[in-house]
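Start counting the sequence shown at 0; every next residue gets the next number (numbering that gives the first Met the number 0). Beta carbons: idealized from backbone N, C-alpha and C, even for Gly.
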Amino acid sequence: MRFSIIIPSFARPKPLHRCLAGLAALDYPRDRFEVIVVDDGNPDPLDEIVREFDGHLRITLVRQANSGPAIARNAGAQHARGEWLGFIDDDCVAHPDWLAQIDDAAAKWPEAMLSGDTVNACSGNVFAELNQILVSTVTRWLKEHDSALHFFPSNNLFCPAASFQRIGGFHPDFRIAAAEDREICARWLASGGEMVEVPEARISHSHPQTLTTFLRMHFRYGRGAATLHRSRNTSPRQFATRGLHTALLRATLREDSASRRVVLPVLMCAAQAAEAAGYIFESLGRSRAAAFFESSRDAQNEPNA
């Protein structure tokens, strides 16, 4: 079997159904790939959704207690039979030629990590639009300026199964959906692995957000960054910060709409603040972080002398 497609899923049954429908519609031989859905401790079992696709896909359901997407992907990999592992998130839908494009690239780069392009499917949602701008800008900037930090998002990621197992899979310390892709890519590069972009292998990402969920997500990203530095015994790369933030600001100012050129930079700054708060929270620990923020608030409320 050529590919094992692994989908970690938690509390998103309708998006998961759309994801599976997209895989069932792939223009690729059914006997050359399998699908492994990992139920990451869902409150409602996924059996019925998976059973619906039994006649359309080679599909397996794996269950685990809620442990986060990194451990869920590792669990799926343990059940995989394919030469290659592919990872897609349950809120993404693969385009019909997705696997065919990846297969062509895998033939050219049989030892590389591969990643396709992600298209924002929520074009009317400013938060989803901004998040896609941020992710695309960060990955592109890191590739151009610091290859050691280059990473592929884990929602559209492929690698040879043997190489995945050799480097140990996703790091189990990442219990939330944040920075686990950065960590595994760093280990991949450190082991001498090659990373190749396959922009023709597209998926659509449907993740509509509100201001609250947008800020929570970036708070989580900050926590993930702290876990990343802790797991690798490193500190934030200060030399990269200024140039990257400039690139992010420029990306938000390219919008055609004048109102978007005002709103997006403001939201970007809010996202950066949320990430900084998440980093502090995770670095200090919950109790110490709570005390830190409480003391900061008290200091702000003190009357001026």
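Fill in: Buried or exposed (CB count within 10 angstroms, at least 16 for buried), Ser122
Taking the sequence shown and counting its residues from 1, one reaches residue 122 at position 123. When all chains shown are included, Ser122 counts as exposed.
Sort out for me which residues DSSP pairs Asn65 with in a bridge.
-> On the sequence shown, position 66 is the one that residue 65 refers to. Answer by DSSP bridge pairing: none, since Asn65 is not bridged.
Going by beta-carbon coordinates alone, are Gln63 and Gly40 separated by less than 9 Å? The sequence position of residue 63 within the sequence shown is 64, counting from 1. The sequence position of residue 40 within the sequence shown is 41, counting from 1. Going by C-beta atoms, Gln63 is nearer than 9 Å to Gly40.
task: Locate the beta strand (DSSP E) running through Ser3, then write down its first and last residues.
output: Start at 1 with the first residue of the sequence shown, and residue 3 comes out as number 4. Per DSSP, Ser3 belongs to the beta strand (DSSP E) from 2-8.
TODO: May I ask which residues mark the beginning and end of the alpha helix (DSSP H) holding Asp46?
DONE: Here the question's residue 46 lines up with position 47 in the sequence shown. Asp46 -> alpha helix (DSSP H) spans 46-50.
Under the three-state DSSP convention, the category Glu179 falls into: Reading the sequence shown from its first residue, position 180 is the one you call residue 179. Helix.
What is the rounded straight-line gap between the Cα of Leu151 and the Cα of Gln131?
-> The residue given as residue 151 occupies position 152 in the sequence shown. The residue given as residue 131 occupies position 132 in the sequence shown. Sequence inspection shows Phe at residue 151; the Leu mentioned does not correspond to that position. For Phe151 and Gln131, the distance between alpha carbons rounds to 13 Å.
Practice item. Helix, strand or coil for Glu199, going by three-state DSSP, please let me know. Key: The count along the sequence shown starts at 1 and reaches residue 199 at position 200. Three-state DSSP puts Glu199 in a strand.
*asked:* Quick check on Trp83: does DSSP put it in helix, strand or coil?
replied: What you label residue 83 is simply residue 84 of the sequence shown in a count that begins at 1. Of the three classes helix, strand and coil, the one that applies to Trp83 here is strand, per DSSP.
### Task
Return helix, strand or coil for Ser114, following the three-state DSSP convention.
The residue you call residue 114 lines up with position 115 of the sequence shown. Three-state DSSP puts Ser114 in a strand.
- Query: Got a sec: does the ligand ATP put a non-hydrogen atom nearer than 8 Å to the Cβ of Tyr278?
  - Reply: The ligand ATP is not part of the structure shown, which contains no ligands of any sort.
Report task. Please name the residue or residues paired with Ala93 in a DSSP beta bridge. Result -> Mapped onto the sequence shown, residue 93 falls at position 94. In DSSP, Ala93 forms a bridge with Ile202.
Helix, strand or coil at Pro28 [DSSP, three-state]: Counting from 1 along the sequence shown, the entry for residue 28 is found at position 29. Three-state result, Pro28: coil.
Which same chain residues, not among the five before or five after Arg17, have their C-beta less than 7 Å away from its C-beta? As a working note, residue 17 is residue 18 in the sequence shown. Excluding positions up to five away in sequence, the list reads Val92.
Does DSSP put Cys158 in a helix, a strand or coil? Along the sequence shown, one-based indexing puts residue 158 at 159. It is a strand residue.
- Item | Three or more C-beta pairs below 8 Å linking the stretch 178-196 and the stretch 94-113 | yes
Note to self: Taking 8 Å as the limit between beta carbons, can you name the residues of its chain near Ala10, skipping five residues before and five after?
What the structure shows: The sequence position of residue 10 within the sequence shown is 11, counting from 1. So the list reads Asn41, Pro42, once near-sequence residues are dropped.
Is the distance from the Cβ of Pro207 to the Cβ of Asn124 below 9 Å?
-> As a working mapping, residue 207 is identified with position 208 in the sequence shown. As a working mapping, residue 124 is identified with position 125 in the sequence shown. Against a cut-off of 9 Å, the Cβ pair of Asn124 and Pro207 comes out as a contact.
Residues sharing a beta bridge with Asn119, DSSP:
In the sequence shown, the residue the question calls residue 119 occupies position 120. Beta-bridge pairing links Asn119 to His204.
| Can you tell which of Ile70, Gly192, Glu33, Asp46 has the C-alpha that lies nearest to the C-alpha of Ile58? | Sequence index remark: in the sequence shown, residue 58 carries index 59 (1-based). Measuring from the Cα of Ile58, the nearest candidate turns out to be Glu33.
- Query: Rounded to the nearest angstrom, how far is the Cβ of Glu274 from that of His217, given a contact under 8 Å?
  - Reply: The residue labelled residue 274 in the question sits at position 275 within the sequence shown. The residue labelled residue 217 in the question sits at position 218 within the sequence shown. Rounded, the Cβ-Cβ distance is 5 Å, consistent with contact.
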